[in-house]
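First residue of the sequence shown: 13, per my numbering; consecutive thereafter. Single-structure report; data block below.
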Amino acid sequence: MKITFYGVRGSIPAPGYNTAKYGGNTSCVYIELENGQDLILDAGTGIRLLGEKLKLTDCPVNILLSHPHWDHIQGYPFFAPIYQQGRPIRVFTTLINEQEQLFSLFDQMDGASFPVVANELPSNATCLFDNIKAIFPEDSVRVKRKELNHPGRGSAYRIEEDGACCAYVTDNELMPPNETATSYDEWVEFCKGVDVLIHDAQYVEADMPHKHGWGHSLVSQVRQFAVDAEVRTLVMFHHDPDRSDSQIDFIQQDNQQFFRGKRAPSMSVCAAEGMQIQVTPRQLAGEAVIEVF
Numbered sequence: 013m014k015i016t017f018y019g020v021r022g023s024i025p026a027p028g029y030n031t032a033k034y035g036g037n038t039s040c041v042y043i044e045l046e047n048g049q050d051l052i053l054d055a056g057t058g059i060r061l062l063g064e065k066l067k068l069t070d071c072p073v074n075i076l077l078s079h080p081h082w083d084h085i086q087g088y089p090f091f092a093p094i095y096q097q098g099r100p101i102r103v104f105t106t107l108i109n110e111q112e113q114l115f116s117l118f119d120q121m122d123g124a125s126f127p128v129v130a131n132e133l134p135s136n137a138t139c140l141f142d143n144i145k146a147i148f149p150e151d152s153v154r155v156k157r158k159e160l161n162h163p164g165r166g167s168a169y170r171i172e173e174d175g176a177c178c179a180y181v182t183d184n185e186l187m188p189p190n191e192t193a194t195s196y197d198e199w200v201e202f203c204k205g206v207d208v209l210i211h212d213a214q215y216v217e218a219d220m221p222h223k224h225g226w227g228h229s230l231v232s233q234v235r236q237f238a239v240d241a242e243v244r245t246l247v248m249f250h251h252d253p254d255r256s257d258s259q260i261d262f263i264q265q266d267n268q269q270f271f272r273g274k275r276a277p278s279m280s281v282c283a284a285e286g287m288q289i290q291v292t293p294r295q296l297a298g299e300a301v302i303e304v305f
């Protein structure tokens with residue numbers, strides 16, 4: 013399982029001198045599986061560059077949407093494969109309002125907000141409502157979901173293949189002020205022992221209490237969560253658009269100090285565009301090898 017980050021920013025793109033190191037594109041993560049297929053997690057502005065890679069192939073495009081907020085769909089109209097004749101584009105969603113989520117992806121291409129109309133695209137786009145078996149009928153790949161604590165609802169995903177495991181939990185408030193869709197203990201169980209946890213870490217204490225309830229987690233909360241869930245590698249994701257490279261560098265340094273001497277996680281990184289994580293199962297040892305590039 014190889015994981016590549018194409019967009020790591022939250023809320024709105026944040027290009028500029030102060031964000032060049034970690035990147036300013038919004039959420040998009042690409043997972044290449046051992047069985048030769050792949051998954052795209054969200055369609056933020058980072059998906060545009062990924063499209064330049066994928067347009068050179070002819071395999072089906074599998075997109076797992078976490079939720080339909082702008083920063084997770086706004087790159088789709090610039091995704092090159094949707095302009096390829098007959099290219100299969102398979103969108104997976106599991107929300108109660110599936111139609112609303114799917115429409116948000118296509119309705120932005122209405123001829124007014126965007127000059128190309130979605131139903132005139134030459135590709136073949138379909139939505140697989142809660143039917144991941146349509147993508148992976150074999151048992152070697154398993155995808156589980158859990159409902160996010162986020163305004164408008166959404167889905168986190170746990171992806172397992174032949175001993176390698178990754179959890180993608182973005183736009184999630186671990187400790188929201190109101191009723192939770194998923195409790196903290198349920199999150200610990202959902203992410204228990206994963207090789208790679210990609211988790212929303214948009215806020216710091218200085219953002220509170222004003223942004224409490226906005227559907228994002230504090231860096232400090234995510235640190236403790238990674239310990240409690242005994243994850244092997246923590247990737248802090250969905251950086252605030254106002255967070256500069258130097259501020260994220262400080263978070264990274266603070267992470268290293270916090271995790272020093274703790275059994276888990278064994279590695280913690282702040283997501284950056286272009287960063288790759290290779291998870292190679294070691295069947296005999298029962299533990300995967302994780303490399304970050």
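Glycine residues also receive a C-beta, built at the ideal position from the N, C-alpha and C atoms.
> Identify the residues that DSSP records as bridge partners of P100: which are they?
Replying inline: Looking at the DSSP assignment, P100 forms a beta bridge with N136.
>> Taking 8 Å as the threshold (beta carbon to beta carbon), is N37 in contact with chain C?
In response: Among the chains of the structure shown, chain C does not appear; only one protein chain is present.
>> As a quick exercise: from S278, C282, G58, pick the residue whose alpha carbon is nearest that of K262.
In response: A quick correction: the sequence has Phe, not Lys, at residue 262. Selected option, being the one with the closest Cα: C282.
>> Can you look up D119 in the DSSP assignment and give me helix, strand or coil?
In response: Reduced to three states, the DSSP call for D119 is helix.
> Of the residues S135, A238, Q86, which one's Cα is nearest the Cα of S125?
Replying inline: In terms of Cα proximity to S125, the closest of S135, A238, Q86 is Q86.
> Looking at V103 and C139, is the spacing between their C-beta atoms short of 8 Å?
Replying inline: The beta carbons of C139 and V103 sit closer together than 8 Å.
> Whole alpha helix (DSSP H) runs in the segment 243 to 277 with 4 or more residues, listed along the chain?
Replying inline: Listed in chain order, the alpha helix (DSSP H) runs fully inside the segment 243 to 277 are 257 to 271, counting runs of at least 4 residues.
> Nearest to S39 by alpha carbon, out of T194, L230, Q97, A26?
Replying inline: The shortest Cα separation from S39 among T194, L230, Q97, A26 belongs to A26.
>> Cutting at 8 Å between CB atoms, please list the residues of its own chain near Q288, excluding the five before and the five after it.
In response: Excluding sequence neighbours, Q288 sits near K14, I15, T16, F17, V304, F305.
> Is the segment 213 to 231 close to the segment 168 to 188, with three or more CB pairs under 8 Å?
Replying inline: These segments touch.
> Where do the N-terminal and C-terminal ends of the beta strand (DSSP E) with V181 fall, by residue?
Replying inline: Counting along the chain, V181 sits inside the beta strand (DSSP E) bounded by residues 176 to 181.
> Skipping 5 residues on each side, what residues in its chain have a beta carbon closer than 6 Å to that of K156?
Replying inline: If you ignore the 5 residues before and after K156, its C-beta comes within less than 6 Å of the C-beta of R170, all in its own chain and listed in chain order.
>> With the cut-off set at 8 Å, would you say K204 and E242 are in Cβ contact?
In response: Result yes, Cβ atoms of K204 and E242 sit closer than 8 Å.
> Of the residues E46, N30, G19, G36, which one's Cα is nearest the Cα of Q290?
Replying inline: Ranking E46, N30, G19, G36 by Cα distance to Q290 puts E46 first.
> Looking at A168 and L209, is the spacing between their C-beta atoms short of 8 Å?
Replying inline: Note that the C-beta distance between L209 and A168 is not below 8 Å.
> What first and last residue would you give for the alpha helix (DSSP H) that runs through A238?
Replying inline: Run containing A238: 231 to 240, per the alpha helix (DSSP H) assignment.
> Would a C-beta distance cut-off of 8 Å place H162 and H224 closer than the cut-off?
Replying inline: No; because the gap between Cβ atoms is not below 8 Å, this pair is not in contact.
>> Taking the alpha-carbon of I101 as reference, which of F91, S116, N136 has the nearest alpha-carbon?
In response: Out of F91, S116, N136, N136 has the C-alpha closest to the C-alpha of I101.
> Would you say the segment 49 to 57 touches the segment 246 to 254, given that touching needs at least three Cβ pairs under 8 Å?
Replying inline: Contact annotation: the segment 49 to 57 does not touch the segment 246 to 254, with fewer than three C-beta pairs closer than 8 Å.
>> With DSSP as the reference, identify every bridge partner of T38, one or two as the case may be.
In response: In the DSSP assignment, the residues bridged to T38 are R21.
> Near G123, which residues of its chain fall below 6 Å by C-beta distance, leaving aside the five closest residues on each side in sequence?
Replying inline: Result list for G123: V129, in chain order.
> Which residues bound the alpha helix (DSSP H) around I59?
Replying inline: It spans 59 to 66 - the alpha helix (DSSP H) in which I59 sits, taken as one unbroken run.
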